[in-house]
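K.L.:
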Amino acid sequence: MKILINIKNESLKRYSKITGIQFESLDTKDTNDAVAIVLQGDDFQTNLDKALGLDIPIVTVAGYENSQDHQYAIEAGIPDEAILVVRGDMVTNQGEFQFPKKKGVKVNNLMEVCKYVHKNNILPEIYIWLIPEPEHDQEEVEIWRYKDNAEETADRPVEKPMPNPADVDPEFKITNDIRQQPGIQKHDKPKNKQINQMPIKDFTKQYKKIVAVLKTNSGVNSGSIVKKITANLKGFHLEMVEKPASYKCYAEPINNAVQSSNYGYLKDQEVIYSTSGFDTLVIEVEPTQNILAIMESIMPNINYIIHLTGSYDKNKSDIDAWISMGLPIYGILPVEDEEKYRKKYPDLIKDINEISKL
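This is the structure we're talking about:
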């Protein structure tokens, strides 16, 4: 096996010496028994296109999971086993290999992946047809589902259950009406708001302004902060995470929070909510693989992206990676180490008061 990669000649020689494997340029004509490596950077897509024309196994280091380069590699037909991405504190592929993130990927670790794809002849492949995902089991959802106008008009009226005769005092019962006792004012019990469900893409299209708050540090109490931002903007708080927790800032259990406040949460790409009519949507985002993929699908609707950060030492690399990938960012809202962040990113530091004026 030999490696084809676009790096400087002196690096080719050094890596060959370190690994005992021959490193050559992607422009090499002899591709027999070769594996190509494409590294995330300015020329990633150009180098990947060049490697795809060689008809050999390809290993890509595509930066952060769900980044633009990662998506490009997927669309180019690179199998998951051959794509290395940063996921949390690890650099990993689909699961066969995991390495500590630290400063990057060590050459010997990368050789393990190359040997694997070489041995198993894992080549790029593009599917002409994908198996459609099964529809959600409607029986699992015991709440109303979003419908368009045509479906709404076809709905039958909901029949109200009749009261149990045993529960009604005969003195105040006349057929189906309740006679008021003299001198006593009738007070209706407060009604819970209807819980609704709507696809995330449709839900976000309702708003004039959308602010996404990425909780870069999982240790930060993001719920209370996003609740305050939402209140200042007179908006709606959508929690887009794997396991909702911010509902506790409003009420418990979660359905009570949904019914009693301007709060909703995401479930299987559907928004669970009750109140509507707001101009502003504030989305609390957990940057996991699944959530970021969903966020990407609604990115055209998002006006502002804010990173909610904790420790500077822990979060600096995440901010740098986001910026280096050319992803949009309005500002950074640091909960800790504000001076360090301000020194590094003087034009990006925001406070809640500034965000409340958006």
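Using our numbering, read the sequence shown as starting at 1497 and increasing by one per residue. We put the beta carbon where it would ideally sit given N, CA and C, even for glycine. Just so it is clear, the structure is predicted and the values come from calculations on it, not from any experiment.
Starting from the Cα of Leu1844, find the closest Cα among Gly1549, Val1831, Arg1583, Ile1802 and give me that residue.
P.N.:
Nearest C-alpha to Leu1844: Ile1802.
K.L.:
The beta strand (DSSP E) with Met1586 in it runs from where to where?
P.N.:
Residues 1586-1588.
K.L.:
Restricting to Cα atoms, I'd like to know which of Lys1597, Met1791, Gly1516, Glu1520 is closest to Glu1735.
P.N.:
Among Lys1597, Met1791, Gly1516, Glu1520, the Cα nearest to that of Glu1735 is on Met1791.
K.L.:
Which parts of the region 1691-1741 are runs of the alpha helix (DSSP H), unbroken and 4 residues or longer, counting only runs that do not cross its ends?
P.N.:
Taking only runs of at least 4 residues, the alpha helix (DSSP H) segments lying wholly in the region 1691-1741 are 1696-1700, 1718-1728.
K.L.:
Is the Cβ-Cβ distance between Pro1553 and Ala1572 less than 8 Å?
P.N.:
Not a contact, by the Cβ cut-off of 8 Å.
K.L.:
Using a Cβ-Cβ cut-off of 8 Å (strictly less than) and excluding sequence neighbours within five positions of Glu1561, which residues of its own chain qualify?
P.N.:
These residues qualify, in order along the chain: Val1581, Val1582, Arg1583, Gln1785, Leu1788.
K.L.:
Is there contact here, the region 1770-1780 with the region 1726-1741, by at least three beta-carbon pairs under 8 Å?
P.N.:
At 8 Å Cβ cutoff, the stretches touch.
K.L.:
Using the rule of at least 16 other Cβ atoms within 10 Å of the residue's Cβ for burial, across every protein chain shown, is Met1795 buried or exposed?
P.N.:
Burial call: exposed.
K.L.:
In terms of residue numbering, what span does the alpha helix (DSSP H) encompassing Ile1618 cover?
P.N.:
Ile1618 -> no alpha helix (DSSP H), and no H or E assigned at all.
K.L.:
What whole-angstrom Cβ distance do Tyr1769 and Ser1757 have, given they're in contact under 8 Å?
P.N.:
That pair is no contact at about 10 Å.
K.L.:
Assuming Ala1558 is part of the beta strand (DSSP E), what are its boundary residues?
P.N.:
Counting along the chain, the beta strand (DSSP E) containing Ala1558 begins and ends at 1554-1560.
K.L.:
Do three or more CB pairs link the region 1706-1713 to the region 1810-1828 at distances below 8 Å?
P.N.:
Yes, they touch.
K.L.:
Pick from Phe1699, Ile1725, Glu1766, Phe1593: whose alpha carbon is nearest that of Val1557?
P.N.:
Checked all of Phe1699, Ile1725, Glu1766, Phe1593; the closest Cα to Val1557 is Phe1593.
K.L.:
I need the straight-line Cα distance from Pro1749 to Asp1764, nearest angstrom please.
P.N.:
Looking at the two C-alpha atoms, the distance is approximately 19 Å.
K.L.:
Tell me the residue span of the alpha helix (DSSP H) that contains Lys1840.
P.N.:
Lys1840 -> alpha helix (DSSP H) spans 1834-1840.
K.L.:
Take every Cβ of the region 1524-1532, pair it with every Cβ of the region 1499-1506, and state whether three or more of those distances are shorter than 8 Å.
P.N.:
Touching, yes.
K.L.:
Classify Asn1752: buried if its beta carbon has 16 or more other beta carbons within 10 angstroms, exposed otherwise.
P.N.:
Classification for Asn1752: exposed.
K.L.:
Determine the extent of the alpha helix (DSSP H) in which Glu1792 is found, giving its start and end residues.
P.N.:
Unbroken alpha helix (DSSP H) run through Glu1792: 1785-1793.
K.L.:
Does the region 1507-1519 come close enough to the region 1535-1552 that 3 or more CB-CB pairs lie under 8 Å?
P.N.:
These segments do not touch.
K.L.:
Looking at C-alpha atoms only, which residue of Val1587, Leu1548, His1614 is the closest neighbour of Ile1622?
P.N.:
It is Leu1548.
K.L.:
Kindly say whether Ala1708, judged by its beta-carbon, lies nearer than 8 Å to any beta-carbon of chain B.
P.N.:
No chain B appears in the structure shown, which is made up of a single protein chain.
K.L.:
Give me, in chain order, the residues of the same chain whose beta-carbon lies closer than 6 Å to that of Asp1814; leave out the 5 immediate sequence neighbours on both sides.
P.N.:
Excluding residues within five positions, the ones whose Cβ falls inside 6 Å are Thr1712.
K.L.:
Where does the unbroken beta strand (DSSP E) through Tyr1761 begin, and where does it stop?
P.N.:
Residues 1759-1763.
K.L.:
In three-state DSSP terms, what is Lys1498?
P.N.:
Correct three-state label for Lys1498: strand.
K.L.:
Please classify Lys1853: is it buried, with 16 or more other beta-carbons within 10 angstroms of its beta-carbon, or exposed?
P.N.:
Per the 10 Å Cβ criterion, exposed.
K.L.:
What are the start and end residues of the alpha helix (DSSP H) that includes Leu1844?
P.N.:
Looking at the DSSP string, Leu1844 is not in any alpha helix (DSSP H), and its letter there is neither H nor E.
K.L.:
Using C-beta distances below 8 Å, list every residue in its chain close to Leu1606, excluding the 5 sequence neighbours before and after it, in chain order.
P.N.:
Taken in chain order, the residues that qualify are Ile1533, Val1555, Val1557, Leu1580.
K.L.:
Within its chain, find whatever has a CB closer than 8 Å to the CB of Lys1704; leave out the 5 residues flanking it on each side and keep chain order.
P.N.:
Cβ within range, chain order: Asp1775, Thr1776.
K.L.:
Exposed or buried, Met1694, counting other C-beta atoms within 10 Å across all chains shown (16 or more means buried)?
P.N.:
Met1694 comes out buried.
K.L.:
Could you say which of Asp1833, Glu1834, Met1497 lies nearest to Cys1610 if we only look at CA atoms?
P.N.:
The shortest Cα separation from Cys1610 among Asp1833, Glu1834, Met1497 belongs to Met1497.
K.L.:
Since Ile1574 and Pro1620 are thought to touch, with beta carbons under 8 Å apart, how far apart are those beta carbons, to the nearest angstrom?
P.N.:
Right, their Cβ atoms sit about 5 Å apart.
K.L.:
What are the start and end residues of the alpha helix (DSSP H) that includes Thr1542?
P.N.:
Looking at the DSSP string, the run of the alpha helix (DSSP H) that includes Thr1542 is 1540-1548.
K.L.:
So Val1754 is in the alpha helix (DSSP H); what residue range does that whole segment cover?
P.N.:
Its alpha helix (DSSP H) spans residues 1750-1756.
K.L.:
Taking the alpha-carbon positions, what's the Glu1835 to Ala1817 distance?
P.N.:
Rounded to the nearest angstrom, the two C-alpha atoms are 20 Å apart.
K.L.:
Please name the residue, chosen from Phe1699, Asp1698, Ser1718, Thr1726, that lies closest to Val1707 on a Cα-to-Cα basis.
P.N.:
Per the Cα distances, Thr1726.
K.L.:
Consult DSSP for Ile1798 and reduce its assignment to one of helix, strand or coil.
P.N.:
Three-state DSSP puts Ile1798 in coil, outside helix and strand.
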